[in-house]
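As structure tokens, the structure follows; a few thoughts come after it.
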Amino acid sequence: MDTKVLPENDPILKEKGEIPYWEIASRLGVHVNTIRNWMKSSMSQKQREMVLEAIKEIKEVK
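In this note's numbering, the protein residues as written are 1 to 62.
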């Protein structure tokens with residue numbers, strides 16, 4: 001596990017797998033550092049849902 005990720009975001013990290021942060025950021029239209037900062041903090045429910053949806057969409061394409 002990434003030691004910089006808040007433990008409550010571990011499920012997102014597991015779901016993310018090998019998908020790079022930049023790819024999630026690109027899908028959401030935000031900077032890669034935004035995603036990294038979200039992972040290091042307590043995300044709102046909306047942020048969590050957006051990230052998980054982006055991961056799901058990326059996995060569907062691959």
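C-beta: ideal position from N, C-alpha, C; glycine also. Quantities reported herein were computed from a predicted structural model and do not represent experimental measurements.
Distance, residue j Cα to residue i Cα
{"i": "M43", "j": "K62", "result": "26 Å"}
{"i": "E23", "j": "N37", "result": "15 Å"}
{"i": "P7", "j": "P20", "result": "19 Å"}
{"i": "G17", "j": "V32", "result": "16 Å"}
{"i": "V5", "j": "S41", "result": "8 Å"}
{"i": "A25", "j": "E53", "result": "12 Å"}
{"i": "K56", "j": "K46", "result": "15 Å"}
Residue i and residue j closer than 8 Å at C-beta
{"i": "M50", "j": "N9", "result": "no"}
DSSP-derived helix/strand/coil call for residue i
{"i": "E18", "result": "coil"}
{"i": "L6", "result": "coil"}
{"i": "V61", "result": "helix"}
>> I'd like the ranges of any beta strand (DSSP E) spanning at least 3 consecutive residues and lying wholly in the stretch 23-50.
In response: none
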